[in-house]
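Engineer: Protein chains in written order, with the numbering used here: chain C, 5 to 98; chain H, 846 to 1330.
Heads up, the beta-carbon is just placed ideally off N, CA and C, and yes, glycines get one too.
Predicted model, so just to flag it, every value in this text is computed and none were measured.
(1) Could you check where the beta strand (DSSP E) with residue 1057 of chain H kicks off and where it finishes?
(2) Can you check which of these residues, H/953, H/893, H/1210, H/863, is closest to residue 1073 of chain H by C-alpha distance?
(3) Output the distance between the C-alpha atoms of residue 938 of chain H and residue 1113 of chain H, rounded to the nearest integer angstrom.
(4) If I follow the unbroken alpha helix (DSSP H) through residue 1300 of chain H, where does it start and stop?
(5) Can you list the residues of chain C that residue 1182 of chain H reaches, using a CB-CB cut of under 9 Å?
(6) Measure the C-alpha to C-alpha separation of residue 1232 of chain H and residue 1303 of chain H and round it to an integer number of angstroms.
(7) Select from H/1154, H/1015, H/1170 the residue whose C-alpha is nearest the C-alpha of residue 1034 of chain H.
(8) Extract the residue ranges of the alpha helix (DSSP H) inside the segment 928-994 of chain H, only unbroken runs of 4 or more that lie entirely within it.
(9) Listing by chain order, which chain H residues have their CB less than 7 Å from the CB of residue 82 of chain C?
(10) Give the range of the beta strand (DSSP E) segment to which residue 1217 of chain H is assigned.
(11) Residue 97 of chain C to residue 1186 of chain H, Cα distance in whole Å?
(12) Where residue 1209 of chain H and residue 1151 of chain H are concerned, what is the direct C-alpha to C-alpha distance, given to the nearest angstrom?
(13) Give the C-beta separation of residue 1011 of chain H and residue 1057 of chain H to the nearest angstrom, bearing in mind that I take them to be a contact with Cβ-Cβ under 8 Å.
(14) With C-beta atoms as the reference, is residue 95 of chain C less than 8 Å away from residue 1228 of chain H?
(15) At 8 Å on the CB atoms, spell out the chain H contacts of residue 71 of chain C, in chain order.
(16) Tell me the DSSP secondary structure of residue 74 of chain C in three-state form.
(17) Under 8 Å Cβ to Cβ from residue 861 of chain H, same chain only, skipping five residues before and after it: list those, please.
(18) Please tell me whether residue 20 of chain C has its Cβ less than 8 Å away from any Cβ of chain H.
(19) Apart from the five residues on each side of it in sequence, which residues of its chain come closer than 8 Å, Cβ to Cβ, to residue 92 of chain C?
(20) Specify the secondary structure class of residue 846 of chain H as computed by DSSP and reduced to three states.
(21) For the segment 1237-1246 of chain H against the segment 1298-1312 of chain H, are there 3 or more C-beta pairs whose distance is under 8 Å?
(22) Do the segment 1187-1200 of chain H and the segment 7-22 of chain C meet, that is, are 3 or more Cβ pairs less than 8 Å apart?
(23) Who pairs with residue 1067 of chain H in a beta bridge, going by DSSP?
(24) Just curious, the beta strand (DSSP E) that residue 1288 of chain H is in, first and last residue?
(25) With three or more C-beta pairs closer than 8 Å as the rule, is the segment 1036-1047 of chain H touching the segment 876-885 of chain H?
(26) Return the residue from the list H/1226, H/1289, H/1329, H/1163 that minimises the CA-CA distance to residue 971 of chain H.
(27) Along the chain, where does the beta strand (DSSP E) containing residue 1014 of chain H start, and where does it finish?
(28) Using the three-state DSSP reduction, which class does residue 14 of chain C fall into: helix, strand or coil?
(29) Which residues in chain C have a C-beta closer than 8 Å to the C-beta of residue 1212 of chain H? List them in chain order.
(30) Leaving aside the five residues before and after residue 1207 of chain H along the sequence, list all residues of the same chain whose C-beta is less than 6 Å from its C-beta, in chain order.
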């Protein structure tokens, strides 16, 4: 399977990555090879097979809806690159 | 008394319990060993010397506690398990300055069992790799040969145990990341059944595949550590609420009478280095001499496992790694004026090549138009793989085969990503199926002189049976020397 550097650039944008041209070209070749390897799955007939997304197929257990305070604000904000003691600070959005 | 670092966890635990040594002495022995071996091995990103000494002093002040089965035992953690107050990098520059404010459940349970945390181990960035060459910090060397890799992604954990820096380490296994480094470093590594150990506080790579497990110098040691960390955790919805048996109870058996071991032809055929095949076959012959019956069987979908695995793992990785945006934690790029640009610049600067490659691959296979052809198709093949294992394990108690087709390869030898991915051929199916597996050292390769691991794979939640057989085999094989360092 052939993947163009332009296709890689488009996917990279979706994934919020900005790659230089040389890396786009390198990845395009490698991804083509990897996808070529993956295409062997197409030879298996899976029409009647239910997909298995996790080895644990129990129903997701939700915990009781009880408010609780496990962590304080200082802890949660403590690793933020920018914060003002109350909020995470980010560059402008609009 | 021979040097403490040559002892197993079980031996040191007995010395601690009897007060023949103090917890501080155990910690100091490990710190000395770390100082002596780190210049050549480089297994640890963070050494927790002060915290470890403080914790050991506190334990000594109270004295040994029968309710704490790992009382005073120094252990190392792979650096993707969150540790309250200690930097947790995941082997990535994007988390270079991240200090969690909570412990992973497995870490909490180790602390409750009396273990002393002594360091955070190097790893492939976000656990993506089979050699620990993808760490953003440095490469870890194999303690048996500094020119060779220790395996990955839990290579730091494996090398640390093999070098005698600690008595046990925790690793994580998404596609073989405990079993491969255990095999390459000549130690025991156990990947429990998916759901057996809580994943809370594990920085996720492939959420439906990742599982935490012990890496130790004996099977009994692994059983002790697994006992401490296993069990349901309400904080993790993938954790299974099933009773945890006594893993030590089945150890010490004299024979393997009544045990049937399946030998899948796909694991014992062409493509395996003769020295690996020879060592593994000799171990199986020893199991037969001990009374085990072996049966040939087939895991016919083995050839499809790598493609299935990488589609699923990369898809999950692209989703899991979307949280690294430079807003709440981790690296933030300076200078971006708008939010989206800040996300993009932070991620581009923070993630290494392999992580970027897998994010892009994962984004591609999840994108509309390709979802059915790749991700959904892989999820269907995954069920077939599980059915393959279920059918095989209906004919036998355990499946055995090599962990890897080769012994530890030389640093830089697998530059092509697909070549590297193929190293996981015998380990990844088990993660897709969610079953337990382990690597047991069975000797040194005749050509390379490097350790060889035999892989044992069991039925879901039957780690006890697997450990019981491995323990019997271990006691009846030539004892594995420690790496000469």
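Structural biologist: Concretely, from the data shown:
(1) As a working note, residue 1057 of chain H is residue 212 in the second chain. From DSSP, the beta strand (DSSP E) with residue 1057 of chain H extends over 1056-1061.
(2) On the second chain, residue 1073 of chain H is found 228 positions in, with the first residue counted as 1. Out of H/953, H/893, H/1210, H/863, H/953 has the C-alpha closest to the C-alpha of residue 1073 of chain H.
(3) Position 93 of the second chain, counted from the first residue, corresponds to residue 938 of chain H. Position 268 of the second chain, counted from the first residue, corresponds to residue 1113 of chain H. Whole-angstrom Cα-Cα distance: 40 Å.
(4) Numbered from 1 along the second chain, position 455 holds the residue referred to as residue 1300 of chain H. Taken as a continuous stretch (DSSP letters only), residue 1300 of chain H belongs to no alpha helix (DSSP H), being part of the beta strand (DSSP E) at 1296-1303.
(5) Residue 1182 of chain H sits at position 337 when you count from the first residue of the second chain. Near residue 1182 of chain H (Cβ distances below 9 Å), the residues of chain C are 95, 96.
(6) Residue 1232 of chain H sits at position 387 when you count from the first residue of the second chain. Residue 1303 of chain H sits at position 458 when you count from the first residue of the second chain. Cα-Cα distance, rounded: 14 Å.
(7) Within the second chain, residue 1034 of chain H is the residue found at index 189, counting from 1. Nearest of H/1154, H/1015, H/1170 to residue 1034 of chain H, Cα basis: H/1015.
(8) 950-957
(9) On the first chain, residue 82 of chain C is found 78 positions in, with the first residue counted as 1. Result: 946.
(10) In the second chain, counting from the first residue as 1, residue 1217 of chain H sits at position 372. Careful: residue 1217 of chain H lies outside any beta strand (DSSP E) and carries neither H nor E.
(11) Counting from one through the first chain, the residue named residue 97 of chain C turns up at place 93. Counting from one through the second chain, the residue named residue 1186 of chain H turns up at place 341. Cα to Cα, residue 97 of chain C sits roughly 10 Å from residue 1186 of chain H.
(12) The count along the second chain starts at 1 and reaches residue 1209 of chain H at position 364. The count along the second chain starts at 1 and reaches residue 1151 of chain H at position 306. Distance between the alpha carbons of residue 1209 of chain H and residue 1151 of chain H: 17 Å.
(13) As a working note, residue 1011 of chain H is residue 166 in the second chain. As a working note, residue 1057 of chain H is residue 212 in the second chain. Between residue 1057 of chain H and residue 1011 of chain H the Cβ distance is about 16 Å, and since that is not below 8 Å, they are no contact.
(14) In the first chain, the residue the question calls residue 95 of chain C occupies position 91. In the second chain, the residue the question calls residue 1228 of chain H occupies position 383. Not a contact, by the Cβ cut-off of 8 Å.
(15) For the purposes of this step, residue 71 of chain C is taken as the residue at position 67 of the first chain. Those do not exist, as residue 71 of chain C stays about 16 Å from chain H at its closest Cβ, beyond 8 Å.
(16) Mapped onto the first chain, residue 74 of chain C falls at position 70. Coil, per DSSP.
(17) One-based indexing of the second chain puts residue 861 of chain H at position 16. Correct list, in chain order: 867, 868, 871, 909, 916, 917, 918.
(18) Here residue 20 of chain C refers to the residue found at position 16 when the first chain is read from its first residue. Yes, contact with chain H.
(19) Here residue 92 of chain C corresponds to residue number 88 of the first chain, with the count starting at 1. So the qualifying residues of the chain are 81, 84, 86.
(20) In the second chain, residue 846 of chain H corresponds to position 1, counting from 1. Low per-residue confidence applies at residue 846 of chain H: pLDDT is 49, beneath 50, and the placement is therefore not dependable, though the value from the model is reported in the following sentence. Correct three-state label for residue 846 of chain H: coil.
(21) yes
(22) yes
(23) As a first step, residue 1067 of chain H must be located in the second chain, where it is residue number 222. According to DSSP, residue 1067 of chain H bridges with nothing at all.
(24) Your numbering for residue 1288 of chain H matches position 443 in the second chain. Segment 1282-1289, the beta strand (DSSP E) holding residue 1288 of chain H.
(25) no
(26) For the purposes of this step, residue 971 of chain H is taken as the residue at position 126 of the second chain. Looking at the Cα atoms, H/1163 is the closest of the given residues.
(27) Residue 1014 of chain H sits at position 169 when you count from the first residue of the second chain. Its beta strand (DSSP E) spans residues 1013-1018.
(28) The residue labelled residue 14 of chain C in the question sits at position 10 within the first chain. The answer is helix: DSSP assigns residue 14 of chain C an H, G or I state.
(29) Here the question's residue 1212 of chain H lines up with position 367 in the second chain. Those within 8 Å of residue 1212 of chain H in chain C are 15, 18.
(30) For the purposes of this step, residue 1207 of chain H is taken as residue 362 along the second chain, with counting starting at 1. Same-chain partners within the cutoff: 1159, 1160, 1162, 1163.
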